[in-house]
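Visitor:
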Amino acid sequence: MWGNMEPYRASSVHIAGFVAAAKRLGFFEKALPLLAPETRHVLEHPFDAKWVPAQVIQDLTARVAEQYGPECLDPLNFAMTKDSLGRLVLPMLRVALAITGRSPATVFSRLGDSVKIAMQGVSASWLATSANGGVVTLRYPEAPPAVVHHAWQGVFRFAFELTSREGRLVAHRYLDGGKTVELDVAWT
514 MWGNMEPYRA
524 SSVHIAGFVA
534 AAKRLGFFEK
544 ALPLLAPETR
554 HVLEHPFDAK
564 WVPAQVIQDL
574 TARVAEQYGP
584 ECLDPLNFAM
594 TKDSLGRLVL
604 PMLRVALAIT
614 GRSPATVFSR
624 LGDSVKIAMQ
634 GVSASWLATS
644 ANGGVVTLRY
654 PEAPPAVVHH
664 AWQGVFRFAF
674 ELTSREGRLV
684 AHRYLDGGKT
694 VELDVAWT
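Shown next, in the form of C-alpha cells:
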C-alpha cells in the first residue's frame with residue numbers, strides 16, 4: 514500500500530528549525546547533554562548536509578520530551594512550523610486554500626507534500642470522516658518516539674491558525690509496532 518519508501522532522513526532545515534524553537538522556548542539546555550554523539554555532531558554542523566539520518570530528530574524529540582514533558586512538543590512544533598517550515602509550504606497552501614476554500618481539510622489533504630520538505634521516508638495521508646474532521650495517517654519506516662502525537666498536535670495548530678478555525682487533536686493511535694500513527698482531528 515505504501516510502496517517503496519525513501520531513505521529515512523530529516524532535512525537540515527527541519528533540524529535547525531526544531532533547535533531554534535526549542536532554544537527560544539527554553540526546551541533545549543537540559544536535553545543537550547543527553548543527546549547521542551551523532552546528534553550532537555549534526556547540531557554542531559547543521560548545514561553540512563541537506564539531509565541527515567532521521568534518528569537525529571527522533572533523538573531530539575525524545576530527549577526534549579524526557580526533560581520537559583511530552584506536552585512541550587506541542588508549542589515547540591507549532592513554533593517550528595510557523596517560523597521555519599511554514600514559510601516553505603505557505604505558498605503551496607495559500608494557492609490550495611484560495612482554490613478549494615479555507616478549510617483545515619485542504620491543509621491536511623496536502624500534508625503528504627508538506628512532510629516531504631521536512632522528512633524523507635515518511636508518508637502522510639488524509640481521510641475526511643465528516644465536514645469538520647478526519648484522520649491523518651503517518652507511516653514511518655521505523656517507530657518514532659511514542660510521544661510524537663504531541664509534536665503533530667503543534668503542526669496541526671498551525672493548520673487551524675492558517676484557516677482561522679478552532680480545532681484539536683481528538684485521539685491518536687500507534688499501530689504496526691508504532692510505525693503507523695493515526696491522528697483524529699476535528700474543528701468548528
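514 is the number of the first residue of the sequence shown in the numbering used here; add one for each residue after it. Ideal placement from N, C-alpha and C gives every residue a C-beta, glycine not left out. The structure displayed is predicted, hence computed values, not measured ones.
1) Relative to the C-alpha of L691, which residue among F671, Y653, L682 and A672 is closest?
2) If we ignore side chains and look at the alpha-carbon of each, how far apart do V526 and M593 end up?
3) Check A533 in the structure and name its three-state DSSP category.
4) Is G582 buried or exposed, if buried means 16 or more other CB atoms sit within 10 Å of its CB?
5) Taking only three categories from DSSP, how would you classify G516?
6) Where DSSP assigns a beta bridge to M632, which residues make up the other side?
7) Kindly indicate which residue of A567, Q666, S643 and E542 has the alpha-carbon position closest to the one of A631.
8) Can you tell me whether DSSP reads V660 as helix, strand or coil?
9) In this structure, does DSSP put D561 in helix, strand or coil?
10) Whole angstroms are fine: how far does the CA of S622 sit from the CA of T645?
11) Use the C-beta contact count for M514: other C-beta atoms within 10 angstroms, 16 or more gives buried, fewer gives exposed.
Guide: Well, looking at it:
1) Along the sequence shown, read from residue 1 onward, the residue named residue 691 stands at position 178. Per the sequence shown, the amino acid found at residue 691 is Gly instead of Leu. Of the listed residues, the one whose Cα sits closest to G691 is Y653.
2) Residue mapping note: residue 526 aligns to position 13 of the sequence shown, counting from 1. Residue mapping note: residue 593 aligns to position 80 of the sequence shown, counting from 1. Computed Cα separation, rounded: 10 Å.
3) Counting from one through the sequence shown, the residue named residue 533 turns up at place 20. It is helical.
4) As a first step, residue 582 must be located in the sequence shown, where it is residue number 69. The C-beta of G582 has fewer than 16 other C-beta atoms within 10 Å across all chains shown, which makes the residue exposed.
5) Residue 516 sits at position 3 when you count from the first residue of the sequence shown. Residue placement at G516 cannot be trusted, given a pLDDT of 38 that sits under 50; the coordinates are not used to answer.
6) Position 119 of the sequence shown, counting from 1, holds the residue named residue 632. Under DSSP, M632 forms a beta bridge with A523.
7) As a first step, residue 631 is located in the sequence shown; it is residue number 118 there, counting from the start. The residue among A567, Q666, S643 and E542 with its C-alpha nearest the C-alpha of A631 is A567.
8) Looking up residue 660 in the sequence shown gives position 147. In this structure, V660 counts as coil in the three-state DSSP scheme.
9) As a first step, residue 561 must be located in the sequence shown, where it is residue number 48. Correct three-state label for D561: coil.
10) As a working note, residue 645 is residue 132 in the sequence shown. As a working note, residue 622 is residue 109 in the sequence shown. The question names Thr, yet the displayed sequence has Asn at residue 645. In a straight line, the C-alpha of N645 is about 13 Å away from that of S622.
11) Here residue 514 corresponds to residue number 1 of the sequence shown, with the count starting at 1. Only weak support is given to the placement of M514: the predicted model assigns it a pLDDT of 29, under 50, and the question is left unresolved by the model.
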